[in-house]
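These notes are about the structure you will find just below.
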Amino acid sequence: MSRCKLIAGNWKMNQTASQAGTLIQALKAEFPACNSCCSQGPDVLVFPPFTSIAAVLQEAGTCLQVGAQNVHWASSGAYTGEISTAMLKELGVSYVLIGHSERRQYFGESDETVNRRLHAALKAGLKAVVCIGETEQERQLGLTNCVLEHQLRWGLNQVSATDMQQVVIAYEPVWAIGTGKTASNADAQAAHAFIRSLLGTLYGQSCAEAVRILYGGSMNAGNAAGLLAQPDIDGGLIGGASLKPADFASIIRAAKQ
Ligand code: 13P
2 MSRCKLIAGN WKMNQTASQA GTLIQALKAE FPACNSCCSQ GPDVLVFPPF
52 TSIAAVLQEA GTCLQVGAQN VHWASSGAYT GEISTAMLKE LGVSYVLIGH
102 SERRQYFGES DETVNRRLHA ALKAGLKAVV CIGETEQERQ LGLTNCVLEH
152 QLRWGLNQVS ATDMQQVVIA YEPVWAIGTG KTASNADAQA AHAFIRSLLG
202 TLYGQSCAEA VRILYGGSMN AGNAAGLLAQ PDIDGGLIGG ASLKPADFAS
252 IIRAAKQ
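When we follow my numbering, the leftmost residue of the sequence shown carries the number 2, and every step to the right adds one.
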């Protein structure tokens, strides 16, 4: 089956509101109609920091979709530093990023909190990009599939096949994030195929065939076409290169081919 490709930029802790507006202007200049759905090209999505979301929405118009880099499971309350689904929805956010390895590594994110955030997002009608991926040591020890299976099973615990229509999985090998090292096309494809087969076990074949699985980890203008040509790679979650308009536009173009 053909899945519409999705190219997503994770800006991480970069871009003030005014810088973000300028970045979107530059991207629009490179790519005037970046968000088409399916027949013409990939969906395009960016995850700015919370404080830049409004500026991006205003500047982007219908050119691209906008997501937030995190969301809390409670609807409101004493959770200093967190953000609720209602706050994001009122801004006009359509996606949330959940379980990025930097959240897992530096902020104590676990499969359990990933799962709680995911349920809250889905209940609120937000789409989610759920990140999973192994560390370098885990890969060297041959534990890649084991780690992916554990993160996927627990992260998606009690999420229904219907709800999976609103979920995108991002495979981000931790050792490839921000390092300039990229998984080979074959290794990335093998991990994506494993994730899809596991989704088949959990949700059935047709659901597994419909879920988009993105690759993240030093995807750039040079390696995007090869990765995106793999049968189970349905797009990219891009960090550094998403902050460079010409590079990000070039990745979007590669997803059109
Ligand atoms: P880089 O593209 O900078 O490696 O970051 C990948 C990433 O973490 C996207 O979420």
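Yeah, the Cβ is synthetic: ideal placement off N, Cα and C, and Gly gets one too.
Report the residue from the options whose alpha carbon sits nearest the alpha carbon of residue i.
i, options, result
"G227", "N186, V212 and Y216", "N186"
"S250", "K29, A18 and T23", "At residue 250 the sequence reads Ala, which differs from the Ser that was named. Minimum Cα distance to A250 is reached at K29."
"R1", "P246, G240, D248 and I234", "Since the first residue of the chain shown is 2 and the last is 258, residue 1 is not available in this structure."
"P49", "L119, T23, E31 and A87", "T23"
"E60", "W176, V115 and A21", "A21"
"L98", "C132, G217 and L92", "C132"
"T114", "P43, L229 and H73", "H73"
"S164", "A121, L7 and R104", "In the sequence on display, residue 164 carries Asp and not Ser. Nearest C-alpha to D164: A121."
"G217", "G236, I196 and S207", "G236"
"A230", "G100, G205, T202 and A189", "A189"
"L149", "V130, I170, A255 and E31", "I170"
For a test of your reading of the model: does the CB of residue i fall under 7 Å from any non-hydrogen atom of the ligand 13P? Yes or no.
i, result
"L238", "yes"
"M14", "no"
"I214", "no"
"M165", "no"
"G217", "yes"
"G241", "yes"
"G179", "yes"
"M220", "yes"
"E110", "no"
"H193", "no"
"N71", "no"
"N224", "no"
Residue i: buried (16+ other C-beta within 10 angstroms of its C-beta) or exposed?
i, result
"A75", "exposed"
"M220", "buried"
"S243", "buried"
"A79", "exposed"
"K124", "exposed"
"A69", "buried"
"K257", "exposed"
Roughly how many angstroms separate the alpha carbons of residue i and residue j, rounded to a whole number?
i, j, result
"R140", "A184", "11 Å"
"G223", "I253", "12 Å"
"S37", "L65", "Confidence in S37 is poor, its pLDDT being 49 and thus under 50, which makes the residue's placement unreliable; the coordinate value appears in the next sentence. Distance between the alpha carbons of S37 and L65: 9 Å."
"S198", "S85", "33 Å"
"T134", "Q16", "Thr is not the amino acid found at residue 134; the sequence shown has Gly there. Answer to the nearest angstrom: the Cα atoms are 26 Å apart."
"K90", "L127", "8 Å"
"E83", "N158", "22 Å"
"G62", "G240", "22 Å"
"N248", "Q26", "At residue 248 the sequence reads Asp, which differs from the Asn that was named. Between D248 and Q26, the C-alpha separation is close to 14 Å."
"S161", "D112", "17 Å"
"A192", "R154", "15 Å"
"W176", "K182", "7 Å"
"L200", "A18", "38 Å"
"N71", "G143", "30 Å"
"C39", "S53", "Low confidence applies here, because C39 scores a pLDDT of 48, under 50, leaving its location unreliable; read the following figure in that light. Distance between the alpha carbons of C39 and S53 is about 27 Å."
"K245", "N11", "12 Å"
"L58", "Q206", "36 Å"
"V67", "T145", "31 Å"
"I8", "G179", "17 Å"
Is the closest heavy atom of the ligand SAH to the C-beta of residue i under 7 Å?
i, result
"E135", "Looking for the ligand SAH in the displayed structure turns up nothing; the ligands present are the ligand 13P."
Should residue i be flagged as near chain D, meaning a C-beta pair shorter than 8 Å?
i, result
"K245", "In the structure shown, chain D cannot be found, because there is only a single protein chain."
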